[in-house]
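Novice:
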Amino acid sequence: MSARGWFERLLDTVADHGRDLIGLRDPDERDAPSNAELCHRLVDGVGEASNIALAREILQRWTGMDEVGRREFVNLLAVEFDPDPDAIVRAAGAYRARDPERLRELLEATEPPRQELFRRLNMAPGGTKVLVDMRSFLLGELREHPEFRNVDADLQHLLGSWFNRGFLRLERIDWNSPAEILEQLIRYEAVHPMRGWDDLRRRLAADRRCFAFFHPALAQTPLIFVEVALTRGVSASIAPLIDPQAPIADPAIADTAVFYSINNALTGLRGVSFGNFLIKQVVTELGAEFPDIDTFVTLSPVPRMRSALGELLGQDSATADELRLLLARHQAALREASACDQPLAALDRLLERDLPRELTGFVGAVLRELALFYLLRMKRRAHAVDPVANFHLSNGARLERINTVANPSERGRRESWGCMVNYRYDGATVVENHEAYVGEGKIALSKELDRLNRQLASVLTREASEVH
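For the sequence shown, my numbering assigns the number 71 to the initial residue and increments by one for each residue that follows.
As structure tokens, then:
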């Protein structure tokens, strides 16, 4: 039995004794305590055995609830375990003296009691996993129930502390890893889904690597994992990297590590950031194992490109005007090739199937312009609106290359007309790139893309002046 399993059994034994001590009854009995009563007793409790018993009882009830019951429980947390407004006002008034003791009292008054409740619930056997699942449920409720946002914020705050980098363990996953872990790779791979064990076996072959972060409380669950291909040169298409029949190359001749899939396994940990640590640590691991690898890049999707450009066309803004100018340059040629008047719809039609060879160059040039426009000009508070771009650029990567017809899957065509992007992690510039992007929104570009961006800016300026 693992040390973790032994400890969980010990907690269960303690909880059993604690349950007897406080006389807990089954929830279906007439005089069984309500959920609210149990939660208040847990927050106020002082005995360790009884607290573990209460925590286990509450989480067992949660696990057995349907959606309605869970919604009522979250509402209980939102209403009865909020900070006391009067206590906050009193503590804030007392803090005018700027006394350290008064500051401590103010901090205590502003902390919601549900944070202490969550901490104590985490004492239960398997409590961490149940709380992660609870947050997954919460995230699905926020659109319809914005009043739950403070509950979510408190739980995310605590999970961020419990899952910080100091508690995480990096492990390589290979074909000899436990079956439970391998099954989860197949289940949680969302970027390029696997069809079964043959796909997984190829992705764990000698010229591939897979690394994951694990946490002691969820020892057999890869929290986030990255799949890497060891190649000669920078990959421009995903198909050879995920083809289960692709020949296995000698990793000793590789000069490039291509990060082609990064997946978060647990929805409940959304917003708890450890992906940047994963990439940087894997770069270090690969550099130590393969000294001849000197290029570290991603092959990344552009998941919102098509929808975002379509939405922008319906807006009245300077950026939308630029997009209309860009598309107007190609409208006639796209109409002739597709018999479709609207340029984006024309691209949809053309890329429903493989392009004729004579159109590859033209359509590829249009897609590169559109992808560059989307990645550089469509912003949210000075940063790239594309979530994948924002992730890598925030980590200090450089926008290296735009690849057209790189993902021929139905999803790839639907989301970005098959475009994919290489982001490059260069140890010599990663800190500088990070600071420039996070501080100023400045995106580091390869020489090729910088030249294309200058050309595009010049064309748009000229077209705009001719219109006016």
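Each residue gets a CB set at the ideal place from its N, CA and C atoms; glycine is no exception.
Can L311 and L369 be called in contact, C-beta distance under 9 angstroms?
Specialist: In this structure, L369 lies closer than 9 angstroms to L311 by Cβ.
Novice: Per DSSP, N473 forms a beta bridge with which residues?
Specialist: N473 pairs with M490.
Novice: Specify the secondary structure class of A119 as computed by DSSP and reduced to three states.
Specialist: Helix.
Novice: So is P182 buried or exposed if we call it buried at 16+ other beta carbons inside 10 Å?
Specialist: Buried, because 16 or more other Cβ atoms sit within 10 Å of the Cβ of P182.
Novice: Where does A148 land, buried or exposed, given buried means 16+ other C-beta within 10 angstroms?
Specialist: Buried: at least 16 other Cβ atoms inside 10 Å.
Novice: Am I right that E439 and L526 are in contact with their C-beta atoms under 8 angstroms? What's the rounded C-beta distance?
Specialist: Between L526 and E439 the Cβ distance is about 6 angstroms, and since that is below 8 angstroms, they are a contact.
Novice: Which term fits I318, buried or exposed, when burial requires 16 or more other beta carbons within 10 angstroms of its beta carbon?
Specialist: Looking at its Cβ environment, which holds fewer than 16 other Cβ atoms inside 10 Å, I318 is exposed.
Novice: What runs of the beta strand (DSSP E), each 3 residues or longer, lie entirely inside the region 294-358?
Specialist: Runs of the beta strand (DSSP E) inside the region 294-358: 294-301 and 326-334.
Novice: Evaluate R483 with the Cβ neighbour count: other Cβ atoms within 10 Å of its Cβ, from every protein chain shown; 16 or more gives buried, anything less gives exposed.
Specialist: Buried, because 16 or more other Cβ atoms sit within 10 Å of the Cβ of R483.
Novice: Quick check: the Cα distance between F218 and R111, rounded to an integer number of angstroms?
Specialist: Whole-angstrom Cα-Cα distance: 22 angstroms.
Novice: Taking the alpha carbon of F284 as the point to measure from, which residue in N334, D136 and A276 has its own alpha carbon closest?
Specialist: Comparing Cα-Cα distances from F284 to each of N334, D136 and A276, the minimum goes to N334.
Novice: Find the nearest neighbour of Q226 within the set V458, H462, L201 and F295, judged by alpha-carbon distance.
Specialist: Ranking the options by Cα distance to Q226, first place goes to L201.
Novice: Within 10 angstroms of its Cβ, does N293 collect 16 or more other Cβ (buried), or is it exposed?
Specialist: It is worth fixing the name first, because residue 293 is Leu in this sequence and not Asn. The residue is buried, with at least 16 neighbouring Cβ atoms inside 10 Å.
Novice: So the alpha helix (DSSP H) L108 belongs to, where does it begin and stop?
Specialist: It spans N105 to D114 - the alpha helix (DSSP H) in which L108 sits, taken as one unbroken run.
Novice: Taking 9 angstroms as the threshold (C-beta atoms), are W132 and M204 in contact?
Specialist: Their beta carbons are under 9 angstroms apart, which means M204 touches W132 by this criterion.
Novice: At which residue ranges does the region 417-449 contain complete alpha helix (DSSP H) runs of 4 or more residues, listed in the order of the chain?
Specialist: Listed in chain order, they are 427-447.
Novice: Cutting at 7 angstroms between CB atoms, please list the residues of its own chain near Q254, excluding the five before and the five after it.
Specialist: Closer than 7 angstroms at the Cβ level, and outside the excluded window around Q254, lie T291, P292 and A335.
Novice: Spell out a yes or no on whether the region 433-452 and the region 484-494 are touching, meaning 3 or more CB-CB pairs, one atom from each, closer than 8 angstroms.
Specialist: The answer is yes - the region 484-494 touches the region 433-452, with three or more Cβ pairs under 8 angstroms.
Novice: CB S307 to CB N477, shorter than 9 angstroms?
Specialist: Yes, they are a contact pair.
Novice: Assign F77 to one of two classes, buried (16 or more other C-beta atoms within 10 Å of its C-beta) or exposed (fewer than that).
Specialist: Low per-residue confidence applies at F77: pLDDT is 49, beneath 50, and the placement is therefore not dependable, though the value from the model is reported in the following sentence. Under this definition F77 is an exposed residue.
Novice: Does DSSP put V550 in a helix, a strand or coil?
Specialist: Here the chain comprises residues numbered 71 to 538, so residue 550 is not present and cannot be evaluated.
Novice: Pop quiz: R150 and A106 are said to be a contact at Cβ under 8 angstroms. What is the actual Cβ separation, rounded to whole angstroms?
Specialist: What sits at residue 150 in the sequence shown is Glu, not Arg. That pair is a contact at about 6 angstroms.
Novice: Please state the DSSP three-state secondary structure of A26.
Specialist: Since the first residue shown for the chain is 71 and the last is 538, residue 26 is missing from the structure and cannot be characterised.
Novice: Mapping the DSSP letters down to three states, classify A282 as helix, strand or coil.
Specialist: Strand.
Novice: Work out the CA separation of A287 and L191 for me, nearest whole Å.
Specialist: Rounded to the nearest angstrom, the two C-alpha atoms are 14 angstroms apart.
Novice: Helix, strand or coil for L47 per DSSP?
Specialist: The shown model of the chain, from 71 to 538, leaves out residue 47, and the question about it has no answer.
Novice: Within a Cβ cutoff of 6 angstroms, which residues of the same chain sit near V342, ignoring the five residues on either side of it in sequence?
Specialist: These residues qualify, in order along the chain: L229, G230 and F233.
Novice: Once DSSP output is grouped into helix, strand and coil, what is the label at L255?
Specialist: Three-state DSSP puts L255 in a helix.
Novice: Taking the alpha helix (DSSP H) that G375 falls in, what are its first and last residues?
Specialist: Per the sequence shown, residue 375 should be read as Met rather than Gly. Per DSSP, M375 belongs to the alpha helix (DSSP H) from M375 to L383.
Novice: So S231 is in the alpha helix (DSSP H); what residue range does that whole segment cover?
Specialist: Note, S231: alpha helix (DSSP H), R219 to W232.
Novice: If you run the structure through DSSP and keep just helix, strand and coil, what is R265?
Specialist: R265: coil per DSSP, three-state reduction.
Novice: Per the DSSP calculation, L515 is bridged to which residue(s)?
Specialist: BP columns for L515 point to L469.
Novice: With contact counted as at least three CB pairs below 8 angstroms, one residue from each stretch, are the region 268-283 and the region 237-253 in contact?
Specialist: Touching, yes.
Novice: Should N460 and V500 be called a contact, given that it needs their Cβ atoms to be closer than 9 angstroms?
Specialist: Not closer than 9 angstroms, so no.
Novice: Could you compute how far the alpha carbon of A179 sits from the alpha carbon of A327?
Specialist: Computed Cα separation, rounded: 51 angstroms.
Novice: Out of curiosity, what's the CA-to-CA distance linking A162 and D224?
Specialist: Rounded to whole angstroms, A162 to D224 spans 21 angstroms at the Cα level.
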